[in-house]
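Engineer:
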Amino acid sequence: MQVLPQTRVQGVPSGRNLSCSKAVGGTPLRALTRDVVRPARSVNVHVVADGESADDVLLRSSSVAVAEKPKVSGRAFRRSLKDTGRYVAKPINDKDSLDLMEEHGVGYSSVGLVAQMRANNNEWRFKDIRVKLASAYGYCWGVERAVQMAYEAKKKYPDRQIHLTNEIIHNPTVNERMTEMDINIIEQKENGSKDFSKVSRQDVVILPAFGASVQELSLLKDLEVQIVDTTCPWVSKVWTAVDNQARKAHTSVIHGKYSHEETIATASFAETYLIVRDIEEANYVCNYILNGGNKEEFLTKFKNAISKGFDPDRDLARVGLANQTTMLRDETMAIGKLLEKTMIQKHGPAAIKEHFMVMDTICDATQERQDAVYQLVGQQDNPAEKLDLILVVGGFNSSNTSHLQEIPELKNIPSFWVNEAACIDPVNKKITHRTAHGTMLDTQNWLPDGPVTIGVTSGASTPDRAVEEVLEAVFKTRDASFGGIAPNYDLGTAPVVRHEEH
Ligand code: SF4
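Counting from 1, one number per residue, gives the positions in the sequence shown under UniProt numbering.
(1) Using the beta-carbon count (16 or more within 10 Å), is S415 buried or exposed?
(2) Note down the Cα distance separating T231 from V214, rounded to an integer number of angstroms.
(3) Consult DSSP for A305 and reduce its assignment to one of helix, strand or coil.
(4) Using alpha carbons as the reference points, say which of A212, V276, E296, Y258 lies closest to D313.
(5) For the putative contact between V377 and G459, defined by C-beta atoms under 8 Å, what is the C-beta separation to the nearest angstrom?
(6) What's the C-alpha gap between A153 and A282?
(7) Touching or not, the region 360–368 and the region 434–452, by the rule of three or more beta carbon pairs under 8 Å?
(8) Mind checking whether the beta-carbon of V235 lies closer than 7 Å to any heavy atom of the ligand SF4?
(9) Leaving out five residues before and five after S402 in sequence, what residues of the same chain have Cβ atoms less than 7 Å from its Cβ?
(10) For the 8 Å Cβ check, are there 3 or more pairs between the region 318–336 and the region 244–255?
(11) Taking the straight line between their C-alpha atoms, what separation do you get for R34 and E180?
(12) Starting from S80, trace the alpha helix (DSSP H) in both directions and tell me its first and last residue.
(13) Can you look up S252 in the DSSP assignment and give me helix, strand or coil?
(14) Between V225 and D203, is the Cβ-Cβ spacing less than 8 Å?
(15) If you reduce the DSSP assignment to three classes, tell me which class N397 lands in.
(16) For R434, which of Y157, S398, A249 has the nearest alpha-carbon?
(17) May I have the straight-line CA-CA distance separating P426 from R8, to the nearest angstrom?
(18) Given that a residue counts as buried once 16 or more other Cβ atoms are within 10 Å of its Cβ, and exposed if not, what is D243?
(19) Alpha carbon to alpha carbon, how far is G107 from P158?
(20) Extract the residue ranges of the alpha helix (DSSP H) inside the region 298–354, only unbroken runs of 4 or more that lie entirely within it.
(21) Report the rounded CA-to-CA distance for V114 versus Y151, giving the unit in angstroms.
(22) Cβ atoms of E261 and N184: under 8 Å apart, would you say?
(23) Going by other Cβ atoms of all chains shown within 10 Å of its Cβ, with 16 needed for buried, is Q345 buried or exposed?
(24) Determine the DSSP secondary structure at V205, reduced to helix, strand or coil.
(25) Got a sec, what are the start and stop residues for the beta strand (DSSP E) M440 sits in?
(26) Between which residues of its own chain and T173 is the CB-CB distance below 8 Å, once the five residues before and five after are set aside?
(27) On the DSSP bridge assignment, give the partners of L133 in chain order.
(28) With distances taken from CA atoms, which of K237, I162, I264 is nearest G192?
(29) Just tell me which of T300, N291, L290 has its CA closest to the CA of L274.
(30) Any chance the CB of residue 505 is under 7 Å from a heavy atom of the ligand SF4?
(31) Counting along the chain, where does the beta strand (DSSP E) carrying D229 start and finish?
(32) Helix, strand or coil for L223? Go by DSSP, reduced to three states.
(33) Quick one: grab the DSSP three-state call for R277.
(34) Would you kindly work out how many angstroms separate the C-alpha atoms of F126 and K429, rounded to a whole number?
(35) Counting only the same chain and skipping the five closest in sequence on each side, list residues whose C-beta sits under 7 Å from that of L98.
(36) For I92, tell me which candidate among T84, S110, L81, A146 has the shortest Cα-Cα distance.
If you want it as structure tokens, here you go:
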């Protein structure tokens with residue numbers, strides 16, 4: 001593998017909340033993008049202090065002192081919001097909104113480069129560059145649905161102040177569009193708390209695709225605002241599983257990251273929970289279940305990942321599996337099997353139903369995108385199909401995109417994770433990119449001279465326009481006179497199959 005000159009981006013230890021056009025040396029391709037004023041982005045961090053659980057994060061998630069759980073279950077409480085007459089949880093498939101999304105570059109491409117690639121067997125050639133687009137990439141159904149609902153809300157409530165409780169999805173371009181449409185993303189302070197003080201009764205509040213905690217729902221109900229709940233139905237399905245586990249006095253073992261917004265929301269729907277990040281942590285838990293162990297060590301290890309008052313000697317007698325939807329599907333399934341096997345060993349096969357609960361809540365979107373990257377990198381022994389490098393496009397705080405980047409890194413294929421076209425500087429032949437583990441790098445002369453084959457994929461929260469702009473920056477790097485790809489209005493087919501509510 002060719003070693004390219006790389007420098008660590010100064011003062012940027014992690015890519016979280018960073019965008020190339022904002023903080024590092026990319027040159028924004030204004031000529032190739034819409035002529036928009038880009039305001040400063042909101043900050044989206046859950047700062048988890050030492051020893052602080054997801055519960056604690058929730059309890060200080062508001063400047064208004066009402067962040068307590070309602071008395072009924074989270075699921076029942078969420079259902080009860082329908083009775084207020086101020087709660088919407090489904091899109092209406094408004095055509096104007098869908099058209100505007102595409103015009104704003106936050107929908108599926110139907111005439112641009114990505115659409116043209118789709119019509120051309122997912123391939124494109126520009127001079128001596130061959131681009132191969134993964135067979136599954138970009139927006140998943142739940143993300144498109146959430147953005148669509150935000151556009152529909154803007155159309156329906158043109159004169160009301162609209163807020164978002166968080167970034168609607170993990171993509172900088174989409175969140176910029178929200179801000180440009182005068183949708184206020186509620187600020188999080190340095191300590192992770194949110195300031196709801198500017199939200200008033202006449203306002204509309206949109207909940208993001210990965211949901212909101214029961215405490216936030218309760219707060220918004222009390223504020224009597226119009227709620228537009230874009231939570232992906234797959235995420236709601238996880239909440240149903242967690243609610244069932246709570247009603248049967250099972251501890252929810254959540255495969256996820258304890259500081260991720262979706263997992264924080266899921267934990268809020270549970271009574272007792274333990275969050276495990278990977279199979280290694282699950283193994284530790286299962287070993288404790290079977291053989292006991294050092295309770296203090298257990299509580300220290302999971303200090304940020306357990307419900308208040310969690311006691312491993314008491315709370316691991318009955319467990320149920322839940323998942324953050326962007327985690328690796330195979331790993332979630334492996335953790336489920338491990339828990340089931342452990343409980344059979346501990347309590348015997350006849351009693352397994354009393355000690356272990358599982359419900360299929362796995363969304364395939366993340367895995368499909370990973371499988372497609374494996375497919376892309378699976379032909380490295382074939383000179384005709386071998387990739388010289390891979391571009392991964394997606395928000396730097398996108399969990400599923402980081403998993404896509406991991407695959408070429410593990411295979412030692414040069415790979416560059418960028419979140420927008422501004423990461424590529426065609427003039428200085430430089431790319432600013434992130435590694436799967438969060439290091440920001442500048443790489444000079446990253447695009448080899450001569451014939452080159454580039455694999456491309458994008459995260460589940462990445463609109464097609466972001467991929468198109470990145471590829472145009474690549475072509476511009478090869479040929480400074482490149483002037484963009486003309487839209488093709490003759491493709492004539494629907495760009496994607498849209499799904500039914502489920
Ligand atoms: S990845 Fe799956 S669960 Fe997450 S928003 Fe997309 S469709 Fe929904």
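Glycine included, C-beta positions come from ideal geometry on N, C-alpha and C. As the structure is a prediction and not an experimental result, all values here were calculated from the model.
Structural biologist: Let me spell this out:
(1) Along the sequence shown, read from residue 1 onward, the residue named residue 415 stands at position 415. It counts as buried.
(2) Here residue 231 refers to the residue found at position 231 of the sequence shown. Here residue 214 refers to the residue found at position 214 of the sequence shown. Their Cα atoms are separated by approximately 13 Å.
(3) Numbered from its first residue, the sequence shown carries residue 305 at position 305. Looking at A305 - three-state DSSP - the assignment turns out to be coil, as it is neither helix nor strand.
(4) Here residue 313 refers to the residue found at position 313 of the sequence shown. For D313, the closest C-alpha among the options A212, V276, E296, Y258 is that of E296.
(5) Position 377 of the sequence shown holds residue 377. Position 459 of the sequence shown holds residue 459. Not a contact, Cβ separation roughly 17 Å.
(6) Within the sequence shown, residue 153 is the residue found at index 153, counting from 1. Within the sequence shown, residue 282 is the residue found at index 282, counting from 1. Those two C-alpha atoms are separated by around 41 Å.
(7) Taking 8 Å as the limit for Cβ pairs, the verdict is that the region 434–452 does not touch the region 360–368.
(8) The residue labelled residue 235 in the question sits at position 235 within the sequence shown. Correct: V235 has its Cβ closer than 7 Å to the ligand SF4.
(9) Residue 402 sits at position 402 when you count from the first residue of the sequence shown. In chain order, A436 place their CB closer than 7 Å to the CB of S402, counting only its own chain and leaving out the 5 sequence neighbours on each side.
(10) In this structure the region 318–336 lies against the region 244–255, because at least three pairs of beta carbons, one per stretch, are closer than 8 Å.
(11) Translated into positions along the sequence shown, residue 34 becomes position 34. Translated into positions along the sequence shown, residue 180 becomes position 180. For R34, the predicted model reports a pLDDT of 27, less than 50, meaning its position is unreliable; a value from the coordinates is still stated below. C-alpha separation (whole angstroms): 12 Å.
(12) Sequence index remark: in the sequence shown, residue 80 carries index 80 (1-based). According to the DSSP assignment, S80 belongs to the alpha helix (DSSP H) that extends over 74–80.
(13) The count along the sequence shown starts at 1 and reaches residue 252 at position 252. Here S252 sits in strand by DSSP.
(14) In the sequence shown, counting from the first residue as 1, residue 225 sits at position 225. In the sequence shown, counting from the first residue as 1, residue 203 sits at position 203. Taking 8 Å as the Cβ cut-off, V225 and D203 qualify as a contacting pair.
(15) Translated into the one-based positions of the sequence shown, residue 397 becomes position 397. Secondary structure of N397 (DSSP, three-state): coil.
(16) On the sequence shown, position 434 is the one that residue 434 refers to. For R434, the closest of Y157, S398, A249 by C-alpha to C-alpha distance is S398.
(17) Locating residue 426 in the sequence shown gives position 426, where the first residue counts as 1. Locating residue 8 in the sequence shown gives position 8, where the first residue counts as 1. Between P426 and R8, the alpha-carbon positions lie close to 19 Å from each other.
(18) Start at 1 with the first residue of the sequence shown, and residue 243 comes out as number 243. Result: buried.
(19) The residue you call residue 107 lines up with position 107 of the sequence shown. The residue you call residue 158 lines up with position 158 of the sequence shown. Straight across, the Cα-Cα distance linking G107 with P158 is about 21 Å.
(20) For the region 298–354, whole alpha helix (DSSP H) runs of length 4 or above, ordered along the chain, are 312–315, 329–347.
(21) The residue given as residue 114 occupies position 114 in the sequence shown. The residue given as residue 151 occupies position 151 in the sequence shown. V114 and Y151: Cα-Cα distance of roughly 22 Å.
(22) Within the sequence shown, residue 184 is the residue found at index 184, counting from 1. Within the sequence shown, residue 261 is the residue found at index 261, counting from 1. Their beta carbons are not under 8 Å apart, which means N184 does not touch E261 by this criterion.
(23) Along the sequence shown, one-based indexing puts residue 345 at 345. By the neighbour-count rule (16 or more Cβ atoms within 10 Å), Q345 is not buried but exposed.
(24) For the purposes of this step, residue 205 is taken as residue 205 along the sequence shown, with counting starting at 1. V205: strand per DSSP, three-state reduction.
(25) The residue labelled residue 440 in the question sits at position 440 within the sequence shown. If you look at M440, you'll find it in the beta strand (DSSP E) that goes 440–444.
(26) Residue mapping note: residue 173 aligns to position 173 of the sequence shown, counting from 1. In chain order, G105, V106, E420, P463, R465, A466 place their CB closer than 8 Å to the CB of T173, counting only its own chain and leaving out the 5 sequence neighbours on each side.
(27) Numbered from 1 along the sequence shown, position 133 holds the residue referred to as residue 133. Note: L133 sits in a beta bridge opposite V456.
(28) The residue labelled residue 192 in the question sits at position 192 within the sequence shown. Checked all of K237, I162, I264; the closest Cα to G192 is I264.
(29) For the purposes of this step, residue 274 is taken as the residue at position 274 of the sequence shown. Of T300, N291, L290, the smallest CA-CA separation from L274 is found for T300.
(30) The chain is shown from 1 up to 502; residue 505 falls before or after that span and cannot be answered.
(31) Here residue 229 is taken as the residue at index 229 of the sequence shown, counted from 1. Segment 226–229, the beta strand (DSSP E) holding D229.
(32) Counting from one through the sequence shown, the residue named residue 223 turns up at place 223. Three-state DSSP puts L223 in a helix.
(33) Counting from 1 along the sequence shown, the entry for residue 277 is found at position 277. R277 falls in the coil class under three-state DSSP.
(34) Along the sequence shown, read from residue 1 onward, the residue named residue 126 stands at position 126. Along the sequence shown, read from residue 1 onward, the residue named residue 429 stands at position 429. Distance between the alpha carbons of F126 and K429: 17 Å.
(35) What you label residue 98 is simply residue 98 of the sequence shown in a count that begins at 1. For L98, where only same-chain residues beyond five positions count, the Cβ hits under 7 Å are G107, Q148.
(36) Along the sequence shown, one-based indexing puts residue 92 at 92. If we check each option's Cα against that of I92, A146 comes out closest.
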